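Reading through the structure tokens given below for one structure.
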Amino acid sequence: TIVGSGPNGANPHHEVGDRVIRPGDMVVLDFGGLKDGYGSDTTRTVHVGEPTEEERRVHDVVRAAQEAGFRAVRPGVACQEVDRAARAVITDAGYGEYFIHRTGHGIGVTTHEPPYMIEGEEQPLVPGMCFSVEPGVYLPGRFGVRIEDIVSVTQDGGRRLNNTTREMVIVD
Numbered sequence: 094t095i096v097g098s099g100p101n102g103a104n105p106h107h108e109v110g111d112r113v114i115r116p117g118d119m120v121v122l123d124f125g126g127l128k129d130g131y132g133s134d135t136t137r138t139v140h141v142g143e144p145t146e147e148e149r150r151v152h153d154v155v156r157a158a159q160e161a162g163f164r165a166v167r168p169g170v171a172c173q174e175v176d177r178a179a180r181a182v183i184t185d186a187g188y189g190e191y192f193i194h195r196t197g198h199g200i201g202v203t204t205h206e207p208p209y210m211i212e213g214e215e216q217p218l219v220p221g222m223c224f225s226v227e228p229g230v231y232l233p234g235r236f237g238v239r240i241e242d243i244v245s246v247t248q249d250g251g252r253r254l255n256n257t258t259r260e261m262v263i264v265d
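Take a look at the structure:
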């Protein structure tokens, strides 16, 4: 589980600390569970109070990148193509240097397992394969945004297994 608020959200693998969530923070929430021995994983980013225009823009860019990665999913496509699709959106928006991890990972009996959605991974997607699509933008010392869904490859595309909104949620 990761809860990274404000500048801690700019670390994709933030660990527990003593910072208290404050008004004006972007908060990255990454968590999952187990069901019958299989893992789940999801990430959403919420805002405490009214976000700035830049925070809205970064969230919109990450949401569009997550959608692009999802739309790239279909049987026979190389894993790296999911990464390329998501990464292109973030790069084109001017945030490429702040997307500092792979786009996704396989999930099953462990939370992080092959295949990985990253440049150079040529393994083709096959129906029944499950993996994350989780692009992010991390502005050092400021905030981060990540949106993650688990996707199952179907005969003609992909199906999201997470059902929560990918829109920005504002918490009072």
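Per this note's numbering, the sequence shown starts with residue 94, numbered consecutively.
Glycine included, every Cβ here is placed at the ideal spot set by N, Cα and C.
Quick caveat: nothing in here was measured; it's all calculated off a predicted structure.
Assigned exposure category for N256 - 16 Cβ within 10 Å defines buried: exposed
R252, DSSP secondary structure in three states: strand
Out of G102, S133, V219 and Y131, which has the shortest C-alpha to C-alpha gap to L122? G102
G99 in three-state terms, based on DSSP: In this structure, DSSP gives G99 a helical state, which the three-state scheme calls helix.
Could you tell me whether the stretch 126-137 touches the stretch 237-247, using the rule of 3 or more Cβ pairs below 8 Å? Flag = yes, the stretch 126-137 and the stretch 237-247 touch.
Measuring CB atoms only, is the stretch 204-222 touching the stretch 164-177, in the sense that at least three cross pairs come out at less than 8 Å? yes
Opposite S133 in the DSSP bridges: which residues? DSSP, once it has assigned bridges, lists no residue as partnering S133.
Use the C-beta contact count for L127: other C-beta atoms within 10 angstroms, 16 or more gives buried, fewer gives exposed. exposed
Count the other C-beta atoms from every protein chain shown that fall within 10 angstroms of the C-beta of R195, then say buried if there are 16 or more, exposed otherwise. buried
May I ask you to report which of helix, strand or coil DSSP gives A181? helix
Since M261 and P116 should fall inside the 8 Å C-beta cutoff, what is the C-beta to C-beta distance between them, to a whole number of angstroms? Their Cβ separation, rounded to whole angstroms, is 16 Å, which puts M261 and P116 out of contact at 8 Å.
For G99, tell me which candidate among F124, G130 and H140 has the shortest Cα-Cα distance. H140
Pairwise C-alpha distance: V246 and R252: A straight line joining the alpha-carbon of R252 with that of V246 spans about 6 Å.
Residue range of the beta strand (DSSP E) that G237 falls in? Looking at the DSSP string, the run of the beta strand (DSSP E) that includes G237 is F236 to R239.
Quick test of your reading: G250 and R167, contact by CB under 8 Å. State the CB separation rounded to the nearest angstrom. 5 Å
To the nearest angstrom, report how far apart R177 and Y188 are at their CA atoms. 14 Å
Give the secondary structure of Y209 by DSSP, where H, G and I count as helix, E and B as strand, and everything else as coil. DSSP places Y209 in strand when its eight states are reduced to three.
Between which two residues does the beta strand (DSSP E) containing Y246 stretch? Rather than Tyr, the amino acid found at residue 246 in this sequence is Val. Its beta strand (DSSP E) spans residues D242 to V246.
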